[in-house]
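Take a look at the structure below.
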Amino acid sequence: MYLAINILGLLVFLGIGFLFSKDKKAINWKAIAIMIVLNLVLAWFLTGSAAGRAGVKAAADGFAWIVNISAKGTVFALGGWYNVKNLNFICSALMPILMIVPLFDILTYIGFLPWIIKWIGKGLSFITGQPKFESFFAVEMMFLGNTEVLAVSGMQIRKLTKARNLTIAMMSMSCVTASILGAYIQMMPGQFILTAVPINIVNSLIATSLLNPVTVTEAEDTIEKVGSSENGKKEPFFSFLGDSILGAGKLILIIVANVVAFVALAALIDAILALFWKQLSLESILGVIMFPFAWLLGLPVHQAWMLSQDMGMKLVTNEFVVMGEVTGKIASYPHHLQAVLTTFVTSFANFGTLGMIIGCFKGIADKETNDYIAQNIGYLLLSGILVSLLSAAFVGLFVW
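Each residue of the sequence shown is one higher than the one before, counting from 925 in this note's numbering.
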């Protein structure tokens, strides 16, 4: 019965995309059907086949290996703070970012990562029939993150129509950054974290194809190189590396500030709500809103209620807050609940990301494009939620 509900949920989520579409007649159903099949194959392979599970496990072990190596720098700098038996959030989840982000930036600098992105993007465009840049952008997001990929795509963004830029903004709600996956797998099941990443890529294309279908001519279907600059000059390596390390440090401070502030503000809201009714809380309110969608992921009512509260909290705060809440207990959850919860939270889709994306576009695109994206901010949030729900539904089909 729960499998049937999960299948129904997948159809409902696709139906929501159709219901809120800006141009239902322009939807390319053939491309969407291809992408649905592709995601079914990906979800089955990564969770249901021996080879896929082995590959995901190897990838998770690889990230864990990198995180363990990065601990040497943490121990050297922080010494007694680093308690292996009882690691705090900063040491276990955030300090590895100081090595992993520069590592990915080095791979970008030498051209290896752009080469990987280029060919995966071209392959994805060929298979799905989606425009080259949108496919390219989806793959870029997986490695670089939303604000970073917007920054390196500035030349392309300035050439796109406002409708295509809205698609790019909507897709930016659905990504994660590969360099931060090491932090994620310290808190939640690594196999589902890594499974969610490619599933999110395809779902971002599905969601935007439903919500904001745009016809792209052959002349418009071009892409710029990753990291290309206006003047074509390449920054000296050690200057580049220094900026990368400083950027990683700023990222850690931003995450810490956001987590501390959001957790404290959520506690304050709960305390204020409790003045009116002791049982009332932010989690309970958001849980009611998200409960139908959680139930449609194929869960018993009590598990759906647990999931819905985490889903709502993630949208209002961020994925780190939820991960920190469930780290110590997710191993005791049923396998299906582990899968759908982990997959849902593996994205940057939250209210805070809206501000980041709007801010990035203000520094890149013209006023007309910025105004158009701001007018459609609801579509950005809907796209991010829809991608997370679709990804959880696809993965959930094969994990019981």
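Note that beta-carbon positions come from the ideal geometry of N, C-alpha and C, so glycine has one too.
Burial state of Gln-925, where buried means 16 or more other Cβ atoms lie within 10 Å = Taking the first residue of the sequence shown as position 1, residue 925 is located at position 1. Reading the sequence as shown, one finds Met at residue 925 and not Gln. Under a 10 Å Cβ-count criterion, Met-925 is classified as exposed, with fewer than 16 other Cβ atoms of the shown protein chains found around its own Cβ.
ask   = Whole beta strand (DSSP E) runs in the region 1093-1126 with 3 or more residues, listed along the chain?
value = Correct list: empty.
inquiry  = Helix, strand or coil for Arg-1082? Go by DSSP, reduced to three states.
reply    = Position 158 of the sequence shown, counted from the start, is the residue given in the question as residue 1082. Here Arg-1082 sits in coil by DSSP.
ask   = What does a CB cutoff of less than 7 Å around Ile-940 pick up in its chain, not counting 5 residues either side in sequence?
value = Numbered from its first residue, the sequence shown carries residue 940 at position 16. So the list reads Leu-1310, once near-sequence residues are dropped.
ask   = What number of angstroms, rounded off, separates the C-alpha of Val-1150 from the C-alpha of Met-1065?
value = For the purposes of this step, residue 1150 is identified with residue 226 of the sequence shown, where counting begins at 1. For the purposes of this step, residue 1065 is identified with residue 141 of the sequence shown, where counting begins at 1. Interpretation of Val-1150 is limited by its pLDDT of 46, a score under 50 that renders its predicted location unreliable; the figure taken from the coordinates is listed afterwards. Val-1150 and Met-1065 have their C-alpha atoms some 11 Å from each other.
Burial state of Gln-1110 (16 or more Cβ within 10 Å) = Within the sequence shown, residue 1110 is the residue found at index 186, counting from 1. Result: buried.
request  = Mind checking which residues open and close the alpha helix (DSSP H) that includes Asn-930?
outcome  = Within the sequence shown, residue 930 is the residue found at index 6, counting from 1. Judged by DSSP secondary structure, Asn-930 falls within the alpha helix (DSSP H) whose first and last residues are 926-943.
inquiry  = Could you compute how far the alpha carbon of Ala-1316 sits from the alpha carbon of Met-1247?
reply    = Reading the sequence shown from its first residue, position 392 is the one you call residue 1316. Reading the sequence shown from its first residue, position 323 is the one you call residue 1247. Ala-1316 and Met-1247: Cα-Cα distance of roughly 16 Å.
task = Identify, in the order they occur along the chain, each residue of the same chain with its Cβ nearer than 6 Å to the Cβ of Leu-1314, setting aside the five sequence neighbours on each side.
result = Translated into positions along the sequence shown, residue 1314 becomes position 390. Within its own chain, the residues whose Cβ lies closer than 6 Å to the Cβ of Leu-1314, once the five positions on either side in sequence are excluded, are Phe-937 and Asn-1127, listed in chain order.
inquiry  = Whole angstroms are fine: how far does the CA of Ala-1062 sit from the CA of Ile-1125?
reply    = Taking the sequence shown and counting its residues from 1, one reaches residue 1125 at position 201. Taking the sequence shown and counting its residues from 1, one reaches residue 1062 at position 138. Looking at the two C-alpha atoms, the distance is approximately 6 Å.
message = For Gly-976, which residues in the same chain have their Cβ closer than 7 Å to its Cβ, ignoring the five residues on either side in sequence?
response = Start at 1 with the first residue of the sequence shown, and residue 976 comes out as number 52. Scanning its chain for C-beta atoms nearer than 7 Å, with the 5 sequence neighbours on each side dropped, one finds around Gly-976 the residues Phe-969 and Leu-970, in chain order.
request  = Reducing DSSP to helix, strand and coil, say where Ser-1163 ends up.
outcome  = Locating residue 1163 in the sequence shown gives position 239, counting from the first residue. The answer is helix: DSSP assigns Ser-1163 an H, G or I state.
message = Please state whether the Cβ-Cβ distance between Ala-955 and Thr-1052 is less than 8 Å.
response = Numbered from 1 along the sequence shown, position 31 holds the residue referred to as residue 955. Numbered from 1 along the sequence shown, position 128 holds the residue referred to as residue 1052. Contact flag set, yes.
ask   = Can the beta-carbon of Leu-1118 be found less than 8 Å from the beta-carbon of Phe-942?
value = In the sequence shown, residue 1118 corresponds to position 194, counting from 1. In the sequence shown, residue 942 corresponds to position 18, counting from 1. Contact annotation: Leu-1118 and Phe-942 have beta-carbon atoms that are not nearer than 8 Å.
ask   = Lys-1174: which of Tyr-1108, Asn-963, Lys-948 and Leu-1022 sits nearest, CA to CA?
value = As a first step, residue 1174 is located in the sequence shown; it is residue number 250 there, counting from the start. The option with the nearest alpha carbon to Lys-1174 is Leu-1022.
message = Just to confirm before moving on: does the CB-CB distance between Leu-1231 and Leu-1223 stay below 8 Å?
response = Here residue 1231 refers to the residue found at position 307 when the sequence shown is read from its first residue. Here residue 1223 refers to the residue found at position 299 when the sequence shown is read from its first residue. Against a cut-off of 8 Å, the Cβ pair of Leu-1223 and Leu-1231 comes out as a contact.
ask   = So Asn-1089 and Thr-1293 are in contact, right, with Cβ under 8 Å, and what is the actual spacing, rounded?
value = The sequence position of residue 1089 within the sequence shown is 165, counting from 1. The sequence position of residue 1293 within the sequence shown is 369, counting from 1. Right, their Cβ atoms sit about 5 Å apart.
ask   = His-1260: buried (16+ other C-beta within 10 angstroms of its C-beta) or exposed?
value = Position 336 of the sequence shown, counted from the first residue, corresponds to residue 1260. So His-1260 ends up on the buried side.
ask   = For Ser-1256, which of Met-1112, Phe-1268, Phe-1275 and Leu-1220 has the nearest alpha-carbon?
value = Indexing the sequence shown from 1 puts residue 1256 at position 332. The shortest C-alpha separation from Ser-1256 is found at Met-1112.
For Leu-932 and Ser-1153, the rounded distance between their alpha carbons = For the purposes of this step, residue 1153 is identified with residue 229 of the sequence shown, where counting begins at 1. For the purposes of this step, residue 932 is identified with residue 8 of the sequence shown, where counting begins at 1. Confidence is the limiting factor: at Ser-1153 the pLDDT is only 48, short of 50, which leaves the residue's position unreliable, though a coordinate-based value still follows. Rounded to whole angstroms, Ser-1153 and Leu-932 show a C-alpha spacing of 46 Å.
request  = Throw me the rounded Cβ distance for the Phe-1116 and Val-1319 pair, which I believe falls under 8 Å.
outcome  = Position 192 of the sequence shown holds residue 1116. Position 395 of the sequence shown holds residue 1319. That pair is a contact at about 7 Å.
message = Is it buried or exposed, Leu-1206, if we count other Cβ atoms within 10 angstroms and call 16 or more buried?
response = Counting from one through the sequence shown, the residue named residue 1206 turns up at place 282. So Leu-1206 ends up on the buried side.
query = Along the chain, where does the alpha helix (DSSP H) that runs through Asp-1234 open and close?
reply = Position 310 of the sequence shown, counted from the start, is the residue given in the question as residue 1234. Judged by DSSP secondary structure, Asp-1234 falls within the alpha helix (DSSP H) whose first and last residues are 1225-1240.
key: Range covered by the alpha helix (DSSP H) that runs through Val-1269   = By 1-based counting over the sequence shown, the position of residue 1269 is 345. 1259-1269 is the span of the alpha helix (DSSP H), which, as asked, contains Val-1269.
inquiry  = Considering just the uninterrupted stretch of the alpha helix (DSSP H) at Phe-1285, what are its terminal residues?
reply    = Stepping through the sequence shown from its first residue, residue 1285 is reached at position 361. Judged by DSSP secondary structure, Phe-1285 falls within the alpha helix (DSSP H) whose first and last residues are 1275-1286.
query = Can you give the Cα-Cα distance for Gln-1262 and Ala-1198, rounded to whole angstroms?
reply = Within the sequence shown, the letter at position 338 stands for residue 1262. Within the sequence shown, the letter at position 274 stands for residue 1198. Per the coordinates, the alpha-carbon of Gln-1262 lies some 30 Å from the alpha-carbon of Ala-1198.
query = From Gln-1080 to Tyr-1303, what does the alpha carbon distance come to, in whole angstroms?
reply = The residue labelled residue 1080 in the question sits at position 156 within the sequence shown. The residue labelled residue 1303 in the question sits at position 379 within the sequence shown. Using only the alpha carbons, I get a separation of about 22 Å.
task = Flag this pair as yes or no: are the beta carbons of Phe-1268 and Ser-1208 separated by less than 8 Å?
result = Within the sequence shown, numbered from 1, the residue matching residue 1268 stands at position 344. Within the sequence shown, numbered from 1, the residue matching residue 1208 stands at position 284. No.
query = Excluding five sequence neighbours on each side, which residues of the same chain lie with their C-beta closer than 6 Å to the C-beta of Asp-1145?
reply = Working through the sequence shown from its first residue, we reach residue 1145 at position 221. So the qualifying residues of the chain are Pro-1055 and Lys-1056.
Separation of Pro-1020 from Ala-1107, as counted between CA atoms = Indexing the sequence shown from 1 puts residue 1107 at position 183. Indexing the sequence shown from 1 puts residue 1020 at position 96. Approximately 7 Å, taken between the alpha carbons.
query = Going by beta carbon distance, what residues of the same chain come within less than 8 Å of Phe-1275, once the five residues before and after it are set aside?
reply = Locating residue 1275 in the sequence shown gives position 351, counting from the first residue. Cβ within range, chain order: Leu-1239, Val-1240 and Leu-1305.
query = Mind checking whether Leu-1321 and Ala-967 have CB atoms under 8 Å apart?
reply = To locate residue 1321, count along the sequence shown from 1; it is residue 397. To locate residue 967, count along the sequence shown from 1; it is residue 43. It is a contact, given that the beta carbons lie within the stated cut-off.
query = Alpha carbon to alpha carbon, how far is Lys-1086 from Ser-1049?
reply = Counted from its first residue, the sequence shown places residue 1086 at position 162. Counted from its first residue, the sequence shown places residue 1049 at position 125. Cα to Cα, the separation comes out at about 21 Å.
query = Is Pro-1026 helix, strand or coil when you go by DSSP?
reply = In the sequence shown, the residue the question calls residue 1026 occupies position 102. Pro-1026 carries a helical assignment under DSSP once its states are collapsed to helix, strand and coil.
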